[in-house]
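From first to last, the protein sequence lines stand for chains W and U. Counting from 3, one number per residue, gives the positions in the first sequence under this note's numbering. Counting from 2, one number per residue, gives the positions in the second sequence under this note's numbering. All C-beta atoms, glycine included, are put in the ideal place defined by N, C-alpha and C.
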Amino acid sequence: MLILRLAWKEIVNQPRTSLVMLGTLILGLVSFVGLDLFRGAVETTLQNHSQKMLSADFVIAGRRELTREEQAIVRDSLPAKSSSHLVIEMYSMIKSSQRSRLVQVKAIPADFPYYGELDILHSDDLDGDVCWLHPELLEQLQVKVGDFIKLGNLNLEVAGVVKNDFVNSWRGMTLAPKIYLSTKNIFLSELIQKGSTLTYNHLYKTPPQTDIELLTEVLNKKIQDPALRILSHTQAANEYGQGLAMVADYLGLVTLVALFLTGVGINFIFSAFLWSKVRETAILVSLGLTRLKVVGIYFFYLCFLVLIAWVPTWLLGLLIFPYFQKLVLKILPLNVPMVLDHKSFLTAGLVGLVTILASCVLTLLRLQNVNASRLFDDRDLIPQSGKKLIAGVLLALGLVFWGLSVVMSHSIKVGSIFVASLSASVVVFWIFGYLVLKSFGRLKNMRSFTLSYTLRSISRLLRPNLLSLISLGIGSFLLVLVPQIRISLEKDIIQPDGVVLPDLFMFDIQDDQIEKLKESISKMGYQLDEPSPMVRAKLESVNGKSFEKWTDDQTFSTREEEAEKRFRNRGFNLSFRSHLSADEKIVSGKDFTNSKSGGPAQISLEVRFAERLNLGVGDLLDFDVQGESVSGKIVNLRSVRWSSFRPNFFVVFEPGALDAMPKTYLASLGSLRPEDKASVQNRLTEVFPNISIVDVQSTVTRVRDLVGLMIWAINFMALLCMVQSFVILLAISYQEAWRRQGEWRILKLLGISKAKVIAINVFQSATLSLLATTVGIFLGTLASQLICRFAFNTVGKVSLFTPAVLLVSVMSVSISVTYFISVRFHSRRLEISL
Amino acid sequence: MILKIEGVSKNYVQGERLIEVLRGVDLLIDKPEILSIVGPSGSGKTTLLSLISGLDRPDQGGIWVLDTPLNSLSEDKLTQFRGRNLGIVFQQFHLIPHLTAEENISLPLEILGESEKSDRVSQALQSVGLTERKDHFPHQLSGGECQRVAIARAMVMEPRFILADEPSGNLDFKTSSLVMRVLFELVRAKGITMLLVTHNDELSKLCDRRLSMHEGRLC
Chain W
3 MLILRLAWKE
13 IVNQPRTSLV
23 MLGTLILGLV
33 SFVGLDLFRG
43 AVETTLQNHS
53 QKMLSADFVI
63 AGRRELTREE
73 QAIVRDSLPA
83 KSSSHLVIEM
93 YSMIKSSQRS
103 RLVQVKAIPA
113 DFPYYGELDI
123 LHSDDLDGDV
133 CWLHPELLEQ
143 LQVKVGDFIK
153 LGNLNLEVAG
163 VVKNDFVNSW
173 RGMTLAPKIY
183 LSTKNIFLSE
193 LIQKGSTLTY
203 NHLYKTPPQT
213 DIELLTEVLN
223 KKIQDPALRI
233 LSHTQAANEY
243 GQGLAMVADY
253 LGLVTLVALF
263 LTGVGINFIF
273 SAFLWSKVRE
283 TAILVSLGLT
293 RLKVVGIYFF
303 YLCFLVLIAW
313 VPTWLLGLLI
323 FPYFQKLVLK
333 ILPLNVPMVL
343 DHKSFLTAGL
353 VGLVTILASC
363 VLTLLRLQNV
373 NASRLFDDRD
383 LIPQSGKKLI
393 AGVLLALGLV
403 FWGLSVVMSH
413 SIKVGSIFVA
423 SLSASVVVFW
433 IFGYLVLKSF
443 GRLKNMRSFT
453 LSYTLRSISR
463 LLRPNLLSLI
473 SLGIGSFLLV
483 LVPQIRISLE
493 KDIIQPDGVV
503 LPDLFMFDIQ
513 DDQIEKLKES
523 ISKMGYQLDE
533 PSPMVRAKLE
543 SVNGKSFEKW
553 TDDQTFSTRE
563 EEAEKRFRNR
573 GFNLSFRSHL
583 SADEKIVSGK
593 DFTNSKSGGP
603 AQISLEVRFA
613 ERLNLGVGDL
623 LDFDVQGESV
633 SGKIVNLRSV
643 RWSSFRPNFF
653 VVFEPGALDA
663 MPKTYLASLG
673 SLRPEDKASV
683 QNRLTEVFPN
693 ISIVDVQSTV
703 TRVRDLVGLM
713 IWAINFMALL
723 CMVQSFVILL
733 AISYQEAWRR
743 QGEWRILKLL
753 GISKAKVIAI
763 NVFQSATLSL
773 LATTVGIFLG
783 TLASQLICRF
793 AFNTVGKVSL
803 FTPAVLLVSV
813 MSVSISVTYF
823 ISVRFHSRRL
833 EISL
Chain U
2 MILKIEGVSK
12 NYVQGERLIE
22 VLRGVDLLID
32 KPEILSIVGP
42 SGSGKTTLLS
52 LISGLDRPDQ
62 GGIWVLDTPL
72 NSLSEDKLTQ
82 FRGRNLGIVF
92 QQFHLIPHLT
102 AEENISLPLE
112 ILGESEKSDR
122 VSQALQSVGL
132 TERKDHFPHQ
142 LSGGECQRVA
152 IARAMVMEPR
162 FILADEPSGN
172 LDFKTSSLVM
182 RVLFELVRAK
192 GITMLLVTHN
202 DELSKLCDRR
212 LSMHEGRLC
C-alpha cells in the first residue's frame, strides 16, 4: 500500500511531468488504437455480411463450366436440401443510340440472390429482353428507363435501375459499372464465344447447420484443378477486403513508428524525471525501503499513467475512426460501422502498458543500483547499468518489436524489412549525428560567442541532442518517403518514361475477327497495334512433378503465403510470339532461337512470376490447354513494364506450339485524336459487339486516384508520427531548458544578455532540426528510389517540392517551440543562490 | 569610489506577510580594501550581495558601484556592467559542467568578445595553480580545484571589485585554507576590492574591515 501511495503521490506532485508523459503516450497510441478499432470493425463487418456479399454459402468459380464428373462430386458432397444456381460474369461493351461503354455483365437466375439485397427501381422482373442498369450508366449512355441498349446481338430494354446492390462482386473493385440480365439472355446475346473472358459462378445454399469451411475443404481436395476456385463465404469476404487489408498492414507499420517514437520520448522524459528524484530514492533506501520496493514505486507510477491514459486514448481512437470509414467507402462500397467491443478497449490498455514499460525497463533496472552511501559525500547518485544488461534488454525489445511488426503487417518479409530499415535508420542517424555533433566541438574558436558556445554545447551534450536528431529525422524520413514513392508511381502510371500509353485496350477478339478489325480501324484512319494471342491453360506439372492446388487450414498466414496461394490456385494466360515487345527485357537466359530441335517448345517467363512459383531457366512446364497437353522449357526470364497498358503476358511461348490452340486476342490502339475516341469506340462496338474495349486513360485515372487515396491514408499516419516527433522535441527542449537553468544563470551573471541566451537556444534548435531534416530527407528519398526499383520495378522520380516544404516546416516549428520555451524560462527573474 | 550604498531597503512578500530584509543600509568603500560581512542566517547578507551585484533592485535607496549608479541602468546594461566590472565567487562554485577548466575561465572574455586575450586565461590558470588541469571538466576536479577555477574566472576580466559569498563554505578545512590563501593573495596583489560574506571568524579577521549584519541593518 505504501508503494502505491508513493507512486500516486508522484503523479500528483509532479503534474507537469505526468502530463507531458501522458500526452506523449496518448499521442503515440491513438493512431494504433484507431487502426485497431478500424481493423476489428472491418473484420466484423466482412464476417457479418459475408453471405450477403457472396450471395451464397459457397461458390465454385472458374473460366469454364464444371465437367460432369465435377458436378457429380459436388452433388455427392452437398448435404440434403441444398440448392444451387449459376451466375455468369463477364465484361462487354454495351451501346445506346448515342454512346458505348464497357460494362460488367452479370447474368442471374430468377431466384438470385440467396442472401443479400438487390433492390431495383421500376421493375424487379428480368423475364424477357430486359436489363437493369446501375445508375451511373444512365448518364454515361444517355438513356432512361424504357430506352433500349444493345448487348452483343441483343436489344434490351432498360427495365429497372439498381437502387441497392449489396450483392457486389466479391472480387472488390471492378473496371466498369454493372448491368443485370437473365442467364437465358446472355446465351442469346452470343457474347459467349470460345475463349471469351468470363467467369462461371456456381453459387450454393446449404442448410443452416452445415459446416461450410469443412465442406469447401473437402471439395478442394476432391477437385484439384487450380483453375476452379472453391471458396466459402468467409473466404470470399476476406478476398473482398484484401486490398483494404494491405493498406491497413502498411498503416499498421506507420503506427509502429509512432509507437517507437513514443518509446524514445517517454524514455527520455522518464529518465530525466527519475534522475531528478534519485536523491529521494537514495534517502528512502537509507531509511529502510528495499531497492525492489523503490523500483516498485516507479513501476506503479508508470502503470497509473497507463490507467489514466487508457480511456482518453480509446476515445480519441474512436474520433479518428470516421476518417478510416471514409477511406473505405472510396475504395469499396462497404459501410463499416464502428464496433465497440471489449477487445479494442483491452488492446488500447495492453499496448499502452507494453509501450511504456518497454521504454522504461532499462531505467527501472538501473534504479536498482542506486548507491545510498553516496549521500554522505554528496557524490553523483545516478547509478549505472552494465553493458551486458543493456545489450540484453535492447535485444529482447528488438525481438518483441519485430514480432509486433510481423503481426501488424501479416508478412514476415515486410515485417523484417520494416524493422531492419527502422533499425538501420536509427543507427545511421546515431552514427551520423554522433560524428557531426562531435565535430562541432572543433569549431569552438569562432568570433561569434553565440555560434561558438552553441556548437560547443551541442558537441558536449550528446544524449538529448542525439535523441532530438533521431526523432525529428525519422519523422522527416517518413514524411518524405511516402510522397516520393507516390510521385514515382504516379509518373509511371500516368506517363511512364519513353512510353506512349494507348488510348484503347481491347480483349476477347476472336481469331476470325482480326483482319476485319484491322480493316475497320484502317478505314477510320488509324492503325491497330499488332494483336497478341491469348490461350487459356492450366499448369499440370513442373519438371514432371504435379502442380497442385494449395489448400491449408492455417489460422494465421502471412501475406506472402496468401499471395502464393492465390497465385497457385488459378489458371494461366499463355501467349506466343517470336520477339520481345518494347516493354520487355531479358534478365537471364537467352532469347528464343530458331532451331527446330524437336524438343519441348521454348518458353519465356516474367521474372517475378517465376520467383513466385520458384521457377528458373531450364525448368520444364506441362500445360493443359482445353484437354491438350503442351510442354515447354524455360529459356529466359524477362522483366515487363506493365504500366505501358499494352498486352503483356507472364508466360510466352515461341511461335508454333500454341498456334493451333483455341485462343482470343488482345490489342491496343493508340494515337487517336481526342475528338475521335468516342466515335471509334462506338463504331467498333457496333461492328464487333463481343469485343470489350477499355478506355485506358479513365482506367489510369481511377487507378491513380486509388493509389493516391491509399497514399493519403499512409501520409496522414506519417503526419501523426511527425506530430509525435514534435511532441518529443517539445519535451526534450523543456527538459533541457529546465536542466540547464543553472548554466543560463551563470552566463547571465557573467554578462550575457537574455536575448543572447535565447539566441543560443534557438540557434541550437535550428542546427539540430536542419541536420535531422536534411538527413531524413536524404534517407527518405534514397529509400523511395530503392523501393521503386526493387518493389515496383520502376525508375523513381525525385521531387524537390516536398522536401523543401518539409525542411522549412520542421525548422520553423522547432525554432518556434524552442523560442517560446526559452522566453518562458528566461522571463523569470534571475534567481541565483548566492 | 568603489561602492556607495545609501538608505537601501528591500522587502519580500511571503504569503500575506511583508518581510523587511534590509532596512536603510548605508555603506561606503572609497579605496581598495578587503571587507567582510558577518551575521547569522537570514540577516540579509545574501540579499545585500544580490543588490550590489545588480541581480536584484532595492525598493528604496541607491547603489553606486565604481561610480556608476546601478538604479539608472537597464537590465541589459546592468548585465554588461556586471560582466565587465565585477567578479563573483560562489559557495557552490557554479561552473558550467560541460566546459573544461580553461573554457570556464575564458567564458567572461568570450561573452564580451575579448577571446583574443588568451594570455589572460593562461595567467589566471597559473595564478591558481591549475595549469596541468586546464583540460579537465568540473566533475573531474576536486572541490578545492573547482573553487580555484571559479576564482580564476572571477579574476580573468581584471575586475576592480569582487564579491565572494562563503567561498570556502563547501570545502574542508585544509582545502578552505588553501583556497582562501590563493584568493587573498591574488586580491591583494592586484589591488582589488573584495566584499566577503562569511561565517568564518578566522577568515573575517584577515580582512581590512569587518562589518556585521543583524536583522537587515549593517553595523
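Query	Result
Just to confirm, is the Cβ distance from residue 540 of chain W to residue 229 of chain W under 8 angstroms?	yes
May I ask you to report which of helix, strand or coil DSSP gives residue 538 of chain W?	strand
Give the residues from the region 337 to 363 of chain W that approach chain U closer than 8 angstroms (Cβ to any Cβ), ordered along the chain.	none
Would you mind telling me which residues of chain U sit closer than 8 angstroms to residue 754 of chain W, beta carbon to beta carbon, in chain order?	80, 84, 112
Could you confirm whether any beta carbon from chain W is found closer than 8 angstroms to the beta carbon of residue 97 of chain U?	yes
Measuring CB to CB, does residue 98 of chain W end up less than 8 angstroms from residue 105 of chain W?	no
For chain U, find out if any of its Cβ atoms is closer than 8 angstroms to the Cβ of residue 440 of chain W; answer yes or no.	no
Using only CA atoms, which one of W:119, W:134, W:199, W:716 lies nearest to residue 482 of chain W?	W:716
Using a cut-off of 9 angstroms between C-beta atoms, extract the partners of residue 77 of chain U located in chain W.	755, 756, 757
Evaluate residue 117 of chain U with the Cβ neighbour count: other Cβ atoms within 10 Å of its Cβ, from every protein chain shown; 16 or more gives buried, anything less gives exposed.	exposed
Which residues in the same chain have their Cβ closer than 6 angstroms to the Cβ of residue 6 of chain W, if we skip the five residues on either side of it in sequence?	302
Express the C-alpha separation of residue 141 of chain U and residue 100 of chain U in angstroms, rounding to a whole number.	11 angstroms
Rounded to whole angstroms, what is the Cα-Cα separation between residue 218 of chain U and residue 198 of chain U?	15 angstroms
Among U:87, U:85, U:58, which one has its Cα closest to the Cα of residue 1 of chain U?	Past the edges of chain U, shown from 2 to 220, lies residue 1 of chain U, and the structure says nothing about it.
What residues from chain W crowd round residue 89 of chain U, counting only those whose CB sits closer than 7 angstroms?	751
Can you give me the C-alpha to C-alpha distance between residue 91 of chain U and residue 128 of chain U, rounded to a whole angstrom?	19 angstroms
Roughly how many whole angstroms lie between the Cα atoms of residue 774 of chain W and residue 123 of chain U?	38 angstroms
Terminal residues of the continuous alpha helix (DSSP H) containing residue 77 of chain W?	70 to 79
Counting only runs that start and end within the region 638 to 711 of chain W, where is the beta strand (DSSP E) found for 3 or more residues in a row?	653 to 655, 666 to 671, 694 to 697
Determine the burial state of residue 105 of chain U: buried for a count of at least 16 other Cβ atoms within 10 Å of its Cβ, exposed for fewer.	buried
Can you tell me the Cα-Cα spacing of residue 171 of chain W and residue 201 of chain W, whole angstroms?	Per-residue confidence for residue 171 of chain W stands at a pLDDT of 48, beneath the threshold of 50, marking its modelled position as unreliable; no derived number is given.
Any residues in the region 610 to 643 of chain W with a beta carbon nearer than 8 angstroms to a beta carbon of chain U? Which ones, in chain order?	none
Is there a Cβ of chain W sitting closer than 8 angstroms to that of residue 108 of chain U, yes or no?	yes
Considering only residues of the region 381 to 420 of chain W, which uninterrupted alpha helix (DSSP H) runs meet the minimum length of 4 residues and lie entirely inside it, listed in chain order?	389 to 411
Might you give, ordered along the chain, the residues of its own chain that have their beta carbon closer than 6 angstroms to the beta carbon of residue 52 of chain W, omitting 5 neighbours on each side?	235, 236, 239
Does the distance from the CB of residue 669 of chain W to the CB of residue 508 of chain W come in under 8 angstroms?	yes
I need the straight-line Cα distance from residue 157 of chain W to residue 801 of chain W, nearest angstrom please.	52 angstroms
Would you identify the three-state DSSP class for residue 225 of chain W, choosing helix, strand or coil?	coil
What number of angstroms, rounded off, separates the C-alpha of residue 835 of chain W from the C-alpha of residue 93 of chain U?	The predicted position of residue 835 of chain W is uncertain, since its pLDDT is 47 and thus under 50; a value taken from the coordinates is nonetheless stated next. Going by the C-alpha atoms only, they are around 9 angstroms apart.
Please state whether the Cβ-Cβ distance between residue 770 of chain W and residue 583 of chain W is less than 8 angstroms.	no
If you measure beta-carbon to beta-carbon, which residues of the region 416 to 450 of chain W are closer than 7 angstroms to chain U?	none
Taking the runs of the alpha helix (DSSP H) that are 4 residues or longer, which of them lie wholly in the region 112 to 182 of chain U?	119 to 128, 144 to 156
Given residue 54 of chain U, which residues of its chain have a CB within under 8 angstroms of its CB, disregarding the five upstream and five downstream residues?	83, 87, 89, 164
Could you give the distance in angstroms between the alpha-carbon of residue 316 of chain W and the alpha-carbon of residue 743 of chain W?	37 angstroms
Between the region 128 to 140 of chain W and the region 181 to 196 of chain W, do three or more beta carbon pairs fall short of 8 angstroms?	yes
Among W:222, W:64, W:17, which residue has its Cα nearest to the Cα of residue 79 of chain W?	W:222
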